[in-house]
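Accompanying notes for the structure given below.
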Amino acid sequence: MSTSRTRTATVTLLRIVTVLAALAAGIGLVLIGVGAVTADQSGQRREDAAPRAIVDTVQRAQVVESVAADAKTIDTGAEPVPSPVEGNAVFTATGAAAGSEASLGAVVAEVNGRPVVVLTGEAPLYRTLKQGDRGQDVARVQDSLALLGRAWGVERGVFGPETARSLGRLWRDIGYLPVRADGSVIPAAEGDDDAALVRGEAFMAASLPMRVLTQCGVTRQAVQGALCTVASGGRELVVNVQASEAARVKGTEKVVITSGSKRWEGRLNGRAGTVPDAPGGGAPSQSGPASQNGTGPQAGPQSRGGGPGGSGGSGQPSTPPESGQQNGGGALPQAPSSAGSSGPAGPATFRVTLKGTDAPPPAGGTLTATITIAESPADSLVVPSTAVRREGERAWVRTEAGQDEEVRVGLCTAGRCAVEPRRTGGLKAGTRIVVGETLPPATEPKSER
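Counted the way numbering that gives the first Met the number 0 counts, the sequence shown spans residues 0 to 448.
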């Protein structure tokens with residue numbers, strides 16, 4: 000009985016061992032198969048991961064290196080309008096507004112009840128004019144009267160009774176009583192033969208219309224120095240280059256000015272002086288200390304060349320400077336040439352000369368300038384900078400077909416290079432070239448079920 004049980008247990012144990020051995024063999028075969036599949040797929044992935052060329056096309060174009068800057072139109076010939084009265088003064092009317100224009104015969108300001116009238120002339124009025132006076136200043140006043148369609152006299156350059164009467168009528172027509180040389184008013188027109196032109200009541204504009212840069216007074220406001228600042232010169236276009244870019248600009252480069260859809264072409268014409276911000280784009284001038292508190296002597300005649308102050312009565316003034324001898328009170332003082340100049344790094348302002356007869360853009364607008372620092376020929380062969388391969392002095396570009404074409408490299412900027420093939424016909428517009436390489440993403444093996 001016990002022998003039978005022992006035999007049965009032995010048979011059972013042998014069966015278990017046989018099953019385990021079979022399972023182990025099966026697992027081994029599976030592992031070998033998996034390993035074979037993995038090795039095969041790994042080799043396929045290595046083959047798929049070979050670098051692939053990124054290609055682009057050679058273009059016929061131009062490479063341009065440029066600097067962006069701000070531009071604006073400024074008024075030149077900016078100068079102050081002096082007070083027509085001496086001592087304490089107050090504005091008795093609101094004058095011409097900043098940004099406006101004043102024409103011949105216009106009143107730009109009123110101080111202590113007296114006007115400042117715009118006349119035309121290349122030189123300021125340095126004295127009070129009255130009957131019997133002679134000179135170019137008299138002739139300029141007569142020219143203004145003639146332009147206004149008024150009688151000016153019998154002899155040019157001689158202040159006679161006809162000139163006096165014409166001035167008297169002009170002052171009455173604009174709402175003011177004329178005055179004698181001593182400043183006393185003339186109530187009735189019958190006395191206009193004695194009318195005089197007080198030097199401060201006429202502002203001689205070099206060109207018309209005259210541009211008003213700052214407000215010419217507000218009613219009941221005390222006069223502090225000059226009444227306002229005006230510009231009767233020309234207008235000039237300037238470009239302001241930031242400090243970070245100023246060293247790259249020589250001052251002779253081509254420039255394109257844009258405002259919306261409008262475009263102006265020109266060239267930089269050297270450095271300008273400091274261009275301060277002022278209403279209307281000009282530069283206000285400041286009066287001397289003696290006239291700042293309004294209690295000193297009269298602000299004096301308008302000054303364009305440091306000429307003498309005028310005086311009433313019969314005293315003859317020094318000869319006023321003519322045009323061409325005046326500095327114009329310009330907003331742009333002369334500065335040393337900037338070409339090749341050295342100095343501390345900082346923002347720089349350059350004048351612009353426009354092509355042909357183009358007039359500067361209007362003052363006050365938003366303008367953008369693009370300054371050309373360097374440029375390749377207009378029909379250059381242009382490639383991405385990543386297409387250019389170098390080794391020492393040698394440079395070449397590889398075509399999609401694997402051909403290396405040696406080139407001379409010109410201007411490179413903003414990721415583009417102008418190149419010239421060393422071999423005739425070696426590189427042409429439209430040729431597909433290698434600009435880089437990429438590895439494709441590895442793909443996961445597909446599991447088979």
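Idealized CB from N, CA, C, for every residue including glycine.
Item, Value
"Which residues does DSSP pair with Ala-373 in a beta bridge?", "Glu-64"
"What does the alpha-carbon distance come out to for the pair Gly-159 and Thr-369?", "58 Å"
"Identify the residues that DSSP records as bridge partners of Val-406: which are they?", "Pro-420"
"Output yes or no for whether 8 Å exceeds the beta carbon distance between Lys-253 and Thr-371.", "yes"
"For Val-110, name the three-state secondary structure that DSSP assigns.", "strand"
"Return the first residue and the last residue of the alpha helix (DSSP H) that Pro-160 is part of.", "160 to 172"
"Just the C-alpha distance for Met-203 and Val-137, rounded to the nearest angstrom, thanks.", "12 Å"
"Counting beta carbon pairs with one atom in the segment 212 to 223 and one in the segment 193 to 203, are three or more of them shorter than 8 Å?", "no"
"Would Leu-169 be called buried (16 or more neighbouring beta carbons within 10 Å of its own) or exposed?", "buried"
"If I measure Cβ to Cβ from Gly-131 and keep anything under 7 Å in the same chain, skipping five residues before and after, which residues do I get?", "Phe-158"
"From this set, Val-381, Val-184, Pro-346, Val-387, which residue's C-alpha is nearest Ala-60's C-alpha?", "Val-381"
"In or out: Val-217 buried (at least 16 other Cβ within 10 Å) or exposed?", "exposed"
"With 16 other CB atoms within 10 Å as the buried threshold, where does Arg-422 fall?", "exposed"
"If you run the structure through DSSP and keep just helix, strand and coil, what is Thr-437?", "strand"
"Let me know if Pro-296 comes out buried or exposed under the rule of 16 or more other beta-carbons within 10 Å of its beta-carbon.", "Since pLDDT at Pro-296 reaches only 33, below the 50 mark, its modelled position is unreliable, and the value read off the structure follows with that caveat. The residue in question, Pro-296, is exposed, as its Cβ has fewer than 16 Cβ neighbours within 10 Å."
"Output needed for Gly-293: all residues of its chain with C-beta closer than 7 Å, excluding positions within five of it in sequence on either side, in chain order.", "Interpretation of Gly-293 is limited by its pLDDT of 35, a score under 50 that renders its predicted location unreliable; the figure taken from the coordinates is listed afterwards. Correct list, in chain order: Asn-87, Ala-88, Ala-221, Val-222, Gln-223."
"Check whether the Cβ atoms of Thr-398 and Val-62 lie closer than 8 Å to each other.", "no"
"Around the Cβ of Glu-123, are there at least 16 other Cβ atoms within 10 angstroms (buried) or fewer (exposed)?", "The sequence shown places Pro at residue 123, rather than the Glu named in the question. Buried: at least 16 other Cβ atoms inside 10 Å."
"Is Gln-241 helix, strand or coil when you go by DSSP?", "coil"
"Do Gly-156 and Arg-133 have their C-beta atoms closer together than 8 Å?", "yes"
"Give the single residue among Gly-345, Asn-111, Thr-91, Ser-99 whose Cα lies nearest to the Cα of Glu-247.", "Residue identity check: residue 247 is Arg in the sequence provided, not Glu. When only C-alpha atoms are compared, the closest one is Gly-345."
"Tell me Glu-100's beta-bridge partners as DSSP assigns them.", "Arg-210"
"What's the call for Gln-141, buried or exposed, on a 16-neighbour Cβ count within 10 Å?", "buried"
"For Ser-143, does the three-state DSSP call read helix, strand or coil?", "helix"
"Does the count of Cβ pairs from the segment 419 to 436 and the segment 385 to 405 closer than 8 Å reach three?", "yes"
"Go through its chain and collect everything with a Cβ distance to Val-353's Cβ below 6 Å, but skip five positions before and after it.", "First, the residue type needs correcting, since residue 353 is Leu and not Val in the sequence shown. Trp-263, Gly-265."
"Once the 5 residues before and after Gly-94 are set aside, which same chain residues still bring their CB inside 6 Å of it?", "Val-107, Ala-108, Cys-215, Gly-216"
"Give the DSSP bridge partners of Gln-130, in chain order.", "Gln-130 is not bridged to any residue."
"Measure how close the beta-carbons of Val-54 and Val-433 come, nearest whole angstrom, since I'm counting them as under 8 Å.", "6 Å"
"Between Ala-271 and Ala-77, how many whole angstroms is the CB-CB distance? I'm expecting something under 8 Å.", "Rounded, the Cβ-Cβ distance is 14 Å, inconsistent with contact."
"Grab the span of the beta strand (DSSP E) containing Asn-87 for me, first residue to last.", "Element bounds for Asn-87: n/a, residue is neither H nor E."
"Please state if the CB of Gly-409 and the CB of Ala-417 are separated by a distance shorter than 8 Å.", "yes"
"Under a three-way DSSP split, which group does Glu-390 fall into?", "strand"
"Tell me the rounded alpha-carbon separation between Arg-388 and Glu-405.", "9 Å"
"Which of the three DSSP states, helix, strand or coil, is assigned to Ser-337?", "The predicted model places Ser-337 with a pLDDT of 39, which falls under 50 and marks its position as unreliable; any figure quoted below should be read in that light. Looking at Ser-337 - three-state DSSP - the assignment turns out to be coil, as it is neither helix nor strand."
"Could you check the C-alpha separation between Gly-112 and Gly-364 for me, to the nearest Å?", "36 Å"
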